[in-house]
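Structure, as structure tokens:
Residue numbers (the UniProt record's numbering): 1 to 312.
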């Protein structure tokens with residue numbers, strides 16, 4: 001009797017969980033197509049992952065111009081397309097939008113809802129890279145992304161220290177800093193903004209921040225994209241903050257072995273035990289289910305307008 005009761009409880013929990021997940025009207029063709037052979041993750045598995053994280057991910061991907069990495073044959077295939085514009089046979093739930101500064105040019109891409117996200121999965125999009133602005137405010141970014149990209153021989157503890165230093169410097173400017181793993185090699189420190197300043201001003205602020213850190217600690221940091229000079233240093237990449245530039249979205253998968261995702265963290269979680277590719281399609285949903293709060297739950301509420309002058 002106890003065993004039967006336990007089974008009934010499990011079934012009820014599964015029903016409740018299933019009801020709370022978003023449903024899509026988009027049909028997945030070949031749902032068993034394998035995108036990550038090393039992890040056995042299929043097209044359907046990717047769609048299921050996004051259903052489980054959608055409530056956290058939504059504001060970082062909807063109503064933003066997108067750059068997309070498509071791998072129709074999965075991460076081990078030869079086809080790899082980095083696309084900002086439509087392709088043949090693209091699902092109608094992936095919207096085509098006109099850039100107000102390039103009305104005669106090729107249309108850009110956007111999604112508006114969960115159907116749009118599943119349409120990306122159907123199209124073998126394995127990485128989602130949004131602008132740092134919404135299409136409601138094209139010319140006024142609502143976030144800054146500082147990408148910490150460690151060169152060879154850089155200890156992970158040093159990357160963590162760099163992220164914490166950026167957070168401190170942002171707080172000195174009256175701004176908040178939120179951290180996420182990149183799903184690749186490094187960390188992203190992301191600052192929510194009131195969409196008041198333009199692209200040039202936001203990028204200039206990010207550049208000054210990177211330059212000041214590199215000038216004060218040239219043995220640890222570099223603010224130039226010169227790969228030959230990066231060994232043993234952390235490249236503080238501020239270039240994500242120009243108009244048309246992008247950074248991988250929070251909760252987006254990465255098209256690399258291991259099926260890692262870019263994972264938002266509480267600052268207290270940022271330890272040596274959490275590497276840049278620690279979180280995956282497999283372990284992310286149970287992590288989020290176990291958390292009492294969204295690690296970035298206060299992100300947009302913390303937004304402040306960008307001041308024109310840096311304090312240091």
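Idealized CB from N, CA, C, for every residue including glycine.
Cβ-Cβ distance between residue 181 and residue 240 below 8 Å: no
With a cut-off of 8 Å on the beta carbons, I'd call residue 237 and residue 149 a contact; round off their distance for me. 6 Å
For residue 19, does the count of other Cβ atoms within 10 angstroms reach 16, so buried, or fall short, so exposed? In this prediction, residue 19 scores a pLDDT of 49, lower than 50, which makes its location untrustworthy; the coordinate-derived value is nonetheless stated afterwards. Label assigned to residue 19: exposed.
Whose C-beta lies closer than 7 Å to the C-beta of residue 243 among residues of the same chain, with five residues either side of it excluded? Sequence-distant partners of residue 243 (beyond 5 residues in either direction) whose C-beta falls short of 7 Å from its own C-beta, in its chain, are 199.
Inter-residue CB distance, residue 59 and residue 178 (contact presumed, cutoff 8 Å): About 13 Å; that fails the 8 Å criterion.
Residue 56 beta carbon less than 8 Å from that of residue 270: Remark: C-beta atoms of residue 270 and residue 56 do not approach each other more closely than 8 Å.
Per DSSP, what kind of secondary structure is residue 60 in: helix, strand or coil? helix
For residue 185 and residue 23, the rounded distance between their alpha carbons: 33 Å
State whether the stretch 106 to 118 contacts the stretch 154 to 172, with contact taken as three or more CB pairs (one from each stretch) at a distance under 8 Å. no
Over the uninterrupted alpha helix (DSSP H) stretch that includes residue 211, give me the two end residues. 199 to 216 is the span of the alpha helix (DSSP H), which, as asked, contains residue 211.
I need the straight-line Cα distance from residue 282 to residue 104, nearest angstrom please. Residue 282 and residue 104 have their C-alpha atoms roughly 43 Å apart.
Should residue 293 go down as buried or exposed, given a rule of 16 or more other Cβ atoms within 10 Å for buried? So residue 293 ends up on the exposed side.
Residue 180, enclosing beta strand (DSSP E) - first and last residue: 178 to 181
Which value, in whole angstroms, describes the spacing of the CA atoms of residue 278 and residue 260? If you draw a straight line from the Cα of residue 278 to the Cα of residue 260, it comes to about 7 Å.
Let me make sure I understand the geometry here. Which of 280, 118, 153 has the alpha-carbon closest to that of residue 40? For the residues 280, 118, 153, the minimum Cα distance to residue 40 belongs to 280.
Could you say if the stretch 120 to 132 and the stretch 205 to 214 meet the contact criterion of at least three C-beta pairs nearer than 8 Å? no
Sort 304, 36, 31 by Cα distance to residue 171 and report the nearest one. Checked all of 304, 36, 31; the closest Cα to residue 171 is 304.
Pull up the DSSP beta-bridge partners for residue 253, would you. 261
Alpha carbon to alpha carbon, what distance is there between residue 52 and residue 285? 6 Å
Whole-angstrom distance between residue 153 and residue 115, CA atom to CA atom: So the two alpha carbons sit approximately 42 Å from each other.
Give the range of the alpha helix (DSSP H) segment to which residue 156 is assigned. 156 to 172
Neighbour-count burial assignment, residue 80, 16 or more Cβ in a 10 Å radius: With fewer than 16 other Cβ atoms within 10 Å, it is exposed.
Can you tell me whether residue 33 is helix, strand or coil according to DSSP? coil
Assuming residue 135 contacts residue 70 under a Cβ cut-off of 8 Å, what Cβ separation, rounded to an integer in Å, is found between them? Taking the Cβ atoms as the reference, residue 135 lies roughly 21 Å from residue 70, outside the contact range of under 8 Å.
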